[in-house]
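Visitor: Take a look at the following structure, please.
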Amino acid sequence: GGLLAQLGAFQKKFLPSDHWAALCKTTGDAQQIRGEYQAAIESYLAALAEPIGDAARSDFLRSIALIYLKNGQYDRMLEYADQSLEIDQSLDRQIGIASYHHHLGFAEFGQGHLEPAREHLVIAERIAHEHGGQHVAIHIHIVGEDAGGWNAQRHVFQRGVSIVVGHWRDVE
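For the sequence shown, the residue numbers in the numbering used here are 47 to 218.
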């Protein structure tokens with residue numbers, strides 16, 4: 047609670063919009079780490095209410111989508127992921143487009159839709175390799191032709207989501 051308490055002490059009226067958005071991101075990230083998902087979403091939404099650039103807007107939307115993905119709320123995930131994709135396409139931001147397909151692949155996988163999951167992960171891998179990404183390929187094997195070992199694959203999926211979130215944030 048120490049970091050969150052200190053972050054909560056800042057007042058919006060004393061910070062420029064870009065600093066407030068950065069504070070919202072840090073707060074949301076800390077809340078997400080603590081498993082306080084609804085609070086993290088609220089922090090990210092507070093940043094979206096500010097006049098921030100399109101790339102930052104896409105990142106916040108993607109952060110919200112990832113929370114919904116982690117919690118198996120695939121319809122809500124798609125709502126925010128689609129908005130993020132639209133921005134990334136308008137900016138020709140390939141890493142964001144790859145991230146969209148990667149997350150959508152895991153959403154499909156989480157619903158047991160193996161072939162669509164594989165298709166999205168292959169697209170994400172192709173884009174990532176074309177633009178310097180490395181880690182997407184390690185997740186393609188999760189969604190193979192054989193759906194055997196579903197529980198084991200679900201465990202790998204959940205671990206993979208955590209790994210991938212960190213990777214995409216590092217790349218961007």
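We put the beta carbon where it would ideally sit given N, CA and C, even for glycine.
#1: By how many angstroms is the C-alpha of Y114 removed from the C-alpha of G158?
#2: Go ahead and label H177 buried or exposed: buried means 16 or more other beta carbons lie within 10 angstroms of its beta carbon, across all protein chains shown.
#3: Any heavy atom of the ligand MG inside 7 Å of the beta-carbon of H148?
#4: May I have the straight-line CA-CA distance separating H175 from H147, to the nearest angstrom?
#5: Using only alpha-carbon positions, find the residue among L150, I133, E96 and I141 that is nearest to R122.
#6: Using a 10 Å radius around the Cβ and a threshold of 16 neighbouring Cβ atoms, would you call H166 buried or exposed?
#7: Identify, in the order they occur along the chain, each residue of the same chain with its Cβ nearer than 7 Å to the Cβ of Q129, setting aside the five sequence neighbours on each side.
#8: Here's the rule I'm using: 16 or more other beta-carbon atoms within 10 Å means buried, otherwise exposed. How should R80 be labelled?
#9: Rounded to the nearest angstrom, what separates R103 and L160 at their Cα positions?
Guide: Taking the structure as given:
#1: Here residue 158 corresponds to residue number 112 of the sequence shown, with the count starting at 1. Here residue 114 corresponds to residue number 68 of the sequence shown, with the count starting at 1. Per the coordinates, the alpha-carbon of G158 lies some 17 Å from the alpha-carbon of Y114.
#2: Walking along the sequence shown from the start, residue 177 turns up at place 131. Exposed, since its Cβ has fewer than 16 Cβ neighbours within 10 Å.
#3: The model depicted lacks the ligand MG and carries no ligand whatsoever.
#4: Position 129 of the sequence shown, counted from the first residue, corresponds to residue 175. Position 101 of the sequence shown, counted from the first residue, corresponds to residue 147. Rounded to the nearest whole angstrom, the C-alpha separation of H175 and H147 is 14 Å.
#5: Here residue 122 corresponds to residue number 76 of the sequence shown, with the count starting at 1. Taking each of L150, I133, E96 and I141 in turn and checking the Cα distance to R122, the smallest one comes out for L150.
#6: Residue numbering aside, residue 166 sits at position 120 when the sequence shown is read from its first letter. Classification for H166: buried.
#7: By one-based count along the sequence shown, residue 129 stands at place 83. Only L107 meet the Cβ criterion.
#8: Numbered from its first residue, the sequence shown carries residue 80 at position 34. So R80 counts as exposed.
#9: Within the sequence shown, the letter at position 57 stands for residue 103. Within the sequence shown, the letter at position 114 stands for residue 160. Taking the straight line from one Cα to the other gives about 30 Å.
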